[in-house]
Amino acid sequence: MNTLLITGVTGFLGGAVLEKILNGNDAMNLLLLVRANDAAAGIERVKSNMRKFNLSEETLQRLTADQVLLGDLGEPEGFLDDPRLESVTHVLNCAAVASFGNNPLVWKVNVEGTLAFARRMSQVTGLQRFLHVGTAMSCTPEPDSLVPESAEFRENAEHLVTYTRSKSTIEQLMRTECPQLPLVIARPSIVVGHTSHGCQPSTSIFWVFSMGLMLQKFICSLEDRIDVIPVDYCADALLMLLKGQIANGEVVHISAGEENSVRFADIDRAMAKALEKAPVGDKYAQVSYETLVKMRRELKDIFGPCNERLMLKAMRLYGAFAELNVRFSNDKLLSMGMPKPPRFTDYIARCVQTTHGLSIPQQMEVDFK
Ligand SMILES: NC(=O)c1ccc[n+]([C@@H]2O[C@H](COP(=O)([O-])OP(=O)(O)OC[C@H]3O[C@@H](n4cnc5c(N)ncnc54)[C@H](OP(=O)(O)O)[C@@H]3O)[C@@H](O)[C@H]2O)c1
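Read in order, the letters of the sequence shown correspond to residues 1 to 369 in UniProt numbering.
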């Protein structure tokens, strides 16, 4: 029987993959890298995350403390000697500091710790696949383009945030420093919500759309398109890439692609329908960041109690990504037999329902850890 080591199961993507595994019938041993004081506390952290995916207590009983590999990628020497690593056949590496904030651990965890982990796993003789979760945005895409799936690395690329630079750098380091590693890189585009559970597992990024529509202005045009996928589709794709026939070294987007990306105008209409309101439509204005800064004093009236500086920073960073108007080619995944993803607007009503009563500053917290 295969042994799958998953990192990041207390998070959004890792949790969605574990949801699929626990609801499925595939027999496999699980090893879960978790940060906690002891294994009992570790498995409780995992269970608590899985409850956001509405898993029954009966299903959660399949999770046991002996599946926990206690460890921190910021201090990998603490778990790399664990003898259980020798029997791992597959790794799904979802863990990372996935924050646009100035988290001082971004480099230590996403680059240094992850590289030490990859080096260790490259010595495991029975390892068949090391599926690393990158991010499509790490390639610093050209605006207004359909981005191809490419392993090209540009050392001097200008990144909007340290997070994407760290994700780009670790991919390159794993390639050059771990030639034995059976590495496949999955690069999800923008993961928002879940088709059944909406934003209950995570409010990550959903608030950006609500924020722009509440302001009735933002940095992108309503005609710009955005490449969004739901986390459960992402999880299905990751499981396919873990087991599927694919050459080592491949880079695969998990994305909506040209066909299933949506325009902000479509998001406006779908969101308005879910809220039983009129769309913003013609009242929307595409503005510069400087115009948003001038609205500083109005932010509390629009959004309630908030940290104005953080709100403006969020608008600047997410606005810069939104105005790129990029879509990420999903040819490889579709050619492997993966169905096309649902459009964001197909399940946006569920996201609206599950964020009801949560302010924008409350929803944002998850992205500025
Ligand atoms: N969400 C997106 O839109 C998106 C898009 C493209 C790519 N990705 C990639 O997908 C992956 C998962 O992202 P996510 O959205 O699921 O993030 P998330 O919800 O913030 O989860 C991050 C996971 O990583 C773990 N982690 C963080 N620091 C760690 C450390 N020092 N040692 C061990 N584990 C650590 C966290 O554990 P704790 O609970 O202990 O903090 C958590 O389980 C990341 O690699 C990210 O770059 C995400």
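No residue lacks a Cβ here, since even glycine has one placed at the ideal position from N, Cα and C.
Asked                                                                                                                    : Found
Identity of the residues DSSP links to A186 by a beta bridge                                                             : V133 and V252
Contact under 7 Å by Cβ, A186 with V97                                                                                   : no
Where N29 falls: helix, strand or coil (DSSP)                                                                            : strand
Neighbour-count burial assignment, R154, 16 or more Cβ in a 10 Å radius                                                  : exposed
Where the alpha helix (DSSP H) through I302 begins and ends                                                              : L299 to F303
Length-filtered (3 minimum) beta strand (DSSP E) runs lying within the region 75-126                                     : 90-93
Spatial distance of L18 from A95 (CA atoms)                                                                              : 13 Å
Neighbour-count burial assignment, M271, 16 or more Cβ in a 10 Å radius                                                  : buried
Host beta strand (DSSP E) of T3 (start-end)                                                                              : T3 to T7
In DSSP terms, what residue 372 is bridged to                                                                            : Residue 372 cannot be examined here, being either before or after the span of the chain that is shown, 1 to 369.
Neighbourhood of V106 by C-beta distance below 8 Å, restricted to the same chain and skipping five residues each side    : V97, S99, T162, Y163 and S166
Cut-off 7 Å between Cβ atoms - residues of its own chain near A116, not counting five sequence neighbours on either side : P76 and L80
Proximal residues to E323 (C-beta, below 6 Å), its chain only, five neighbours per side dropped                          : I219 and C220
Of the residues L127, A256 and Q67, the one placed nearest V191, counting alpha carbons only                             : A256
Between the CA atoms of P179 and T64 - distance to the nearest angstrom                                                  : 34 Å
Top-ranked residue by Cα proximity to N2, from K243, D82, A40 and Y289                                                   : K243
Proximity to V68 [Cα-Cα], best of K217, A36 and L213                                                                     : A36
Closer than 6 Å: I219 CB and nearest ligand 1 heavy atom                                                                 : no
Per-residue burial, N156 [other beta carbons within 10 Å of its own, 16 or more giving buried]                           : exposed
Pair within 7 Å by beta-carbon distance, V184 and L241                                                                   : yes
Span of the beta strand (DSSP E) around V68                                                                              : V68 to L70
Residue ranges of each alpha helix (DSSP H) within the region 212-294, 4 or longer                                       : 231-243, 257-260, 264-275 and 289-294
Range covered by the alpha helix (DSSP H) that runs through D331                                                         : D331 to S335
Delimiting residues of the alpha helix (DSSP H) encompassing P148                                                        : Neither: P148 is in no alpha helix (DSSP H) and is coded neither H nor E.
Proximity test, residue 386 beta-carbon vs ligand 1 heavy atom, cut-off 6 Å                                              : Summary: the structure shown does not reach residue 386, with the chain confined to residues 1 through 369, and so no result is reported for it.
G78 Cβ short of 6 Å to ligand 1 heavy atom set                                                                           : no
Residue nearest to G71 in terms of C-alpha spacing, selected from T7, T140 and F12                                       : T7
DSSP bridge partner residues for G198 (one or two, in chain order)                                                       : H194
Reference G74, options N110, E58 and I43, closest by Cα                                                                  : N110
Spatial neighbours of L55 in its chain, beta-carbon cut-off 8 Å, leaving aside the 5 residues before and after           : E19, L22 and N23
I205, enclosing alpha helix (DSSP H) - first and last residue                                                            : Per DSSP, I205 belongs to no alpha helix (DSSP H) and is neither H nor E.
Test item: CB-CB of N93 and H132 under 7 Å                                                                               : yes
Nearest-angstrom Cβ-Cβ length linking F12 and P201, presumed shorter than 8 Å                                            : 6 Å
F368 in three-state terms, based on DSSP                                                                                 : coil
Straight-line Cα distance separating M214 from T89                                                                       : 48 Å
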